[in-house]
Every structure is written in structure tokens, then in C-alpha cells.
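What follows is a short report on a single structure.
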């Protein structure tokens, strides 16, 4: 399956779901700042990799997938759980990219401009996470081909 | 108080923007990458650098490496539990 944007996917989401994510995101950012202020940058930094939207995102993926199947008159429990598991696996790969982001900021920021460091770190996250996703996809496809010879 | 409110707005905006992007992306496994986007870090680093300086922010980034490793373990276990059991994700 090709990577692409599907804006129509937003039709299934509700206003309160977006408001919840905005509020949670804001609260976590404030909390990360207050922890760093009170306890210093070492414990504060741990919270910069806090899974801010991951739990909400996985729950919503499962809920939307189940609703979609139920609308079609099907039981969607298994498919919804599989979709949530796939989303979580993607987040695990993304968090390795997050590690790359942190390493670039740690090593590059002290001697370079903040803008350049942030841009490079963001690129490192995207490249690391994207490459890992491609490797996993290739591995999955080659395993599927081995399992079904002749196809 | 002003700074807290500013942090709240910036954090909410950056994090929900990444969440929206994740909602629209297909396939699901690729969209999942955005569940671990550096959203809190992006919302925080600008203010930290402006107020405490680059060295302070770099020290935070060093700790963030451990936080990201912990996130990876957490997300991987969630995916394995969801794939292998009948639990639905709830929080």
C-alpha cells in the first residue's frame, strides 16, 4: 500500500476528540516545562519524549475502525484491534526516530544555531522513522511472498 | 502565568497538528510513526533555548534519549499485547 494523505478520514472524528488532544497536548507541554523548572534539565528532559498523543491515538484508531465495520454490518473487534496494534508498531518505530531527534539536538545544538539544530533533528526523526518503516514493510512483503509461493 | 498559557497554546497546537496529520495518513503503520513525533520537544525547545540557553536545552535533549528508548519499549509492548490478546486499547 502506498503512503498517502486521506483528508476524508477526518470525517469520522468528532470535535471533542480534537479538543481532548489539544488540551492534553497543552497540559503535557506545561507539565514538562514545570518539571524542568522544579527539578532541573535532566529529569525534565525525560518528559520531552512523553507519549503525549499515543494512548489517545491508539484508542481512537480502534474505535473508528470498529465503527466503520459495524456500519457495514460486520463485527469489527478483531480488525479494530489489529489496526490499533499496527498503529502502535508504527509508534515504536517512530520512537526510534525520536531517539535520533534527541541525539542530534544533544550533540549539535551547543555549537550551532537553534533553528539549524531543530531542522536537522526533525529531518533525522523523519529519515530514521521512515527508513525503519520501509525496512519493516520490505521484510513483511518478502515473508508474505515466501509463505505463498507462486504468487 | 502568561508563559504557562503560552506553553499550553503552543503545546496544544503542535501536538494536535501532528495528531491530525497522523489521522489523515495511510497506511496505519505509517500513520503510527506520527504517534511518536517530537511534538512535545518541538513545542518546548524554542522557549527553553530562549530562556535558559542552548546548553540547558542540550542537557534536556540528552535525557530525552532515555525517554525515547522508554517510549519505544512501551509502544512495542502495546503492539504485541494488542496483536496477541483480546484486549481493546483503553485509557
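Residue numbers (our numbering), protein chains in the order written: chain U, 7 to 157; chain L, 24 to 114. For every residue, glycine included, the Cβ atom is placed at its ideal position computed from N, Cα and C. Quantities reported herein were computed from a predicted structural model and do not represent experimental measurements.
Within the segment 8 to 29 of chain U, the residues whose Cβ lies closer than 7 angstroms to any Cβ of chain L are, in chain order, 9, 10, 11, 12, 13, 15, 16, 19, 24, 27, 28, 29. Interface flag for residue 148(U) against chain L is unset, since no Cβ pair is found closer than 8 angstroms.
Secondary structure at residue 10(U): strand, using DSSP grouped into helix, strand and coil. Contact of residue 47(L) with chain U by beta-carbon distance below 7 angstroms involves 11, 12, 13, 15, 16.
Unbroken alpha helix (DSSP H) runs of no fewer than 4 residues, entirely contained in the segment 14 to 89 of chain U, are found at 21 to 45, 47 to 52, 60 to 77, following chain order. Relative to the Cα of residue 71(U), the nearest Cα in the group 151(U), 15(U), 26(U), 149(U) belongs to 15(U). With a threshold of 8 angstroms between beta carbons, residue 90(U) makes contact with chain L.
Looking at the backbone, the Cα of residue 110(U) and that of residue 45(U) are separated by about 24 angstroms. In the DSSP assignment, residue 102(L) falls within the unbroken alpha helix (DSSP H) covering 77 to 107. Of all residues in the segment 85 to 106 of chain L, the ones placed with a Cβ closer than 9 angstroms to any Cβ belonging to chain U are 85, 86, 87, 88, 89, 90, 91, 92, 93, 94, 95, 96, 97, 98, 99, 100, 101, 102, 103, 104, 105, 106, in chain order.
Nearest C-alpha to residue 41(L) among 94(L), 58(L), 25(L): 58(L). Taking 9 angstroms as the Cβ-Cβ cut-off, the segment 98 to 111 of chain U approaches chain L at 98, 99, 100, 101, 102, 103, 104, 105, 106, 107, 108, 109, 110, 111, given in chain order. As the crow flies, the alpha-carbon of residue 55(L) is around 9 angstroms from that of residue 49(L). Per the Cβ contact rule, the segment 66 to 73 of chain L is not in contact with the segment 134 to 144 of chain U (fewer than 3 Cβ pairs under 8 angstroms). Taking all protein chains in view, the Cβ of residue 96(L) is surrounded by fewer than 16 other Cβ atoms within 10 Å, so the residue is classified as exposed.
Note that the C-beta distance between residue 55(U) and residue 69(L) is not below 8 angstroms. Along the segment 48 to 68 of chain U, going in chain order, the ones with a CB nearer than 9 angstroms to a CB of chain L are 48, 49, 50, 51, 52, 53, 54, 55, 56, 57, 58, 59, 60, 61, 62, 63, 64, 65, 66, 67, 68. In this structure, the CA atom of residue 82(U) is about 17 angstroms from the CA atom of residue 19(U).
Listed along chain U are 67, 89, 92, 93, 96, each with a C-beta nearer than 8 angstroms to that of residue 51(L). Considered as a whole, the segment 45 to 79 of chain L harbours 51 to 54, 62 to 75 as its complete alpha helix (DSSP H) runs of no fewer than 4 residues, in chain order. In the three-state scheme derived from DSSP, where H, G and I count as helix and E and B as strand, residue 118(U) is classed as coil.
For residue 131(U) against residue 104(U), the beta-carbon gap comes to about 6 angstroms, under 8 angstroms, which counts as contact.
About 5 angstroms separates the CB atoms of residue 66(L) and residue 33(L); that is less than 8 angstroms, so the two are in contact. Interface annotation for the segment 73 to 85 of chain L against chain U: 73, 75, 77, 78, 79, 80, 81, 82, 83, 84, 85, criterion Cβ-Cβ distance under 9 angstroms. Of the candidates 31(U), 126(U), 67(U), 108(U), the residue whose Cα lies closest to the Cα of residue 37(L) is 31(U).
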